[in-house]
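Asks: In the working numbering, the protein residues as written are 1 to 469.
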């Protein structure tokens, strides 16, 4: 069954369901008809009345059949005594006597209705009703005698046989029609699935993610088509972003690698030619190599951070003010001549600790990098709003919409160290923590970076207890 095509399985299941339904209806109809015909036959047999006078005539006919002529009857009438003696209507086969018939003759049972057979060689199936002999009005009741009235069961079985063949024929036609209709419906209903299959096979063969399936209606197939189109669009977008990331990363890696290669070749030629580079120049050259290696390491770290999947990060309750304090210590080491002032109020958030610290460090690095010598940076954390203000050249209004794009760098900042990934990492981390980040020009010059993260000024009891231990 599992090896058959889906449309064949649907047709078979449809035919099977119709067959079961038709069989149930046909069997119910046949049983009800049988019951009705049997009850009608029993009622007809019970309506035949044989009185004492009729019984005497019948008994005399049994003793002297040539002397009495009885009118023909469609029923088999048999007189039964309590001793088991019987007298049957002339021309009719005797009926086999059951114990229940004798019980009626003896007066221990009111009447009986059952199936029996004739006592001759034909053994014809009969339906018989045995009841006491009717007494005339005002006369004494008859005792010791019962009357059995019977008729062949063929009066019921023949119509039932005909009905069974009719029902069987109708059921066969119905099942065949249901199978045909099921196959047609399956073909019509599975056409959208066939189109979907063809589209999937085309995409697998050509890797063309721009193909879309036409959506018709609002049924399950339409929803499946919409979901498939959304999936291919997301895959296409992901592939485009991946290709763009690779291209941008290659471009960003090329510059420090070229500079590093040039400096190393210069050192190699100096050693090969036996002409040492002046100590001051050599020191500057080694410092440049070290700076380029540091820039490469930072760029690779940023690329690793951005290459992480966008699934749910492992969030936990962390103290944002403590993370900001640690980032401030690092910022003060990078800008020893800057005046970095901070006001940090306690605030606890749900975030990934390492990623959140990296995001705060990136914000402070930007502020330090763009601040003028002997300038100042103000950092403030109040009710979940972290602001970092520098007094640098600021960001033009037309460049603000691009600051969080990957590898985007302001034309005025392209000569400075950096990859253009820092703010992208900040935006991603803040969004994963349920917050938002923005940049705006500051009054009097400079830029204000604002991070809003949902949280609370106090730690949850479980976290507080763990910190106390």
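Here a beta-carbon is modelled for each residue, glycine too, at the ideal position from N, C-alpha and C.
(1) Any idea if residue 461 is buried or exposed, counting beta-carbon neighbours within 10 angstroms, 16 or more meaning buried?
(2) For residue 415, is the classification buried or exposed, using 16 other Cβ atoms within 10 angstroms of its Cβ as the cut-off for buried?
(3) So residue 154 is in the alpha helix (DSSP H); what residue range does that whole segment cover?
(4) Rounded to the nearest angstrom, how far is the Cβ of residue 487 from that of residue 146, given a contact under 8 angstroms?
(5) What distance in whole Å lies between the Cβ atoms of residue 356 and residue 385, which are believed to be in contact at a cut-off of 8 angstroms?
(6) Answer yes or no: do residue 18 and residue 170 have a C-beta to C-beta separation smaller than 9 angstroms?
(7) How far does the alpha helix (DSSP H) with residue 338 in it reach, from first residue to last?
(8) Label residue 484 either buried or exposed according to how many other C-beta atoms from any shown protein chain fall within 10 Å of its C-beta, with 16 as the threshold for buried.
(9) Give me the Cβ distance between residue 445 and residue 375, rounded to the nearest whole Å; I'm assuming they're in contact under 8 angstroms.
(10) 9 angstroms is my cut-off, CB to CB: does residue 439 come that close to chain C?
(11) Could you spell out the range, first to last residue, of the alpha helix (DSSP H) harbouring residue 55?
(12) In angstroms, rounded to a whole number, what distance separates the CA positions of residue 87 and residue 59?
(13) Would DSSP call residue 434 helix, strand or coil?
(14) Using DSSP's beta-bridge definition, name the partner residues of residue 391.
(15) What is the rounded straight-line gap between the Cα of residue 337 and the Cα of residue 403?
(16) Kindly indicate which three-state DSSP category residue 343 falls into: helix, strand or coil?
(17) For the alpha helix (DSSP H) that residue 210 lies in, which residues bound it at each end?
(18) What are the complete alpha helix (DSSP H) segments, minimum 4 residues, inside the segment 86-147?
(19) Pairing CB atoms from the segment 68-83 with CB atoms from the segment 143-158, are three or more of them under 8 angstroms?
(20) Start and end of the beta strand (DSSP E) containing residue 357?
(21) Using CA coordinates, which residue listed in 120, 427, 114, 382 is at the minimum distance from residue 401?
(22) Rounded to whole angstroms, how far is the Cβ of residue 380 from the Cβ of residue 343, which I believe are closer than 8 angstroms?
(23) Run through DSSP, which three-state label would residue 218 get?
(24) In angstroms with no decimal places, state the Cα-to-Cα distance between residue 267 and residue 432.
Replies: Looking at the coordinates:
(1) exposed
(2) Any reading at residue 415 must be qualified, since the residue scores a pLDDT of 49, below 50, and its modelled position is unreliable; the value itself is stated next. Around the beta carbon of residue 415, a 10 Å sphere encloses fewer than 16 other beta carbons of the protein chains shown; the residue is thus reported as exposed.
(3) 154-189
(4) Residue 487 lies beyond the range of the chain shown here (1 to 469); nothing can be said about it.
(5) Actually they do not touch by this definition, with Cβ atoms about 15 angstroms apart.
(6) no
(7) Segment: none, residue 338 is in no alpha helix (DSSP H) and carries neither H nor E.
(8) It is not possible to answer for residue 484, since the shown part of the chain is limited to 1 through 469.
(9) Not really, about 10 angstroms apart at Cβ, beyond 8 angstroms.
(10) You won't find chain C in this structure, because it holds only one protein chain.
(11) 52-63
(12) Using only the alpha carbons, I get a separation of about 6 angstroms.
(13) Three-state result, residue 434: coil.
(14) None, per the DSSP bridge assignment.
(15) 27 angstroms
(16) strand
(17) First-last for residue 210: undefined, no H or E at that position.
(18) 99-106
(19) The segment 68-83 vs the segment 143-158: in contact.
(20) For residue 357, there is no enclosing beta strand (DSSP E); the enclosing alpha helix (DSSP H) has its first and last residue at 353-370.
(21) 427
(22) 5 angstroms
(23) coil
(24) About 46 angstroms.
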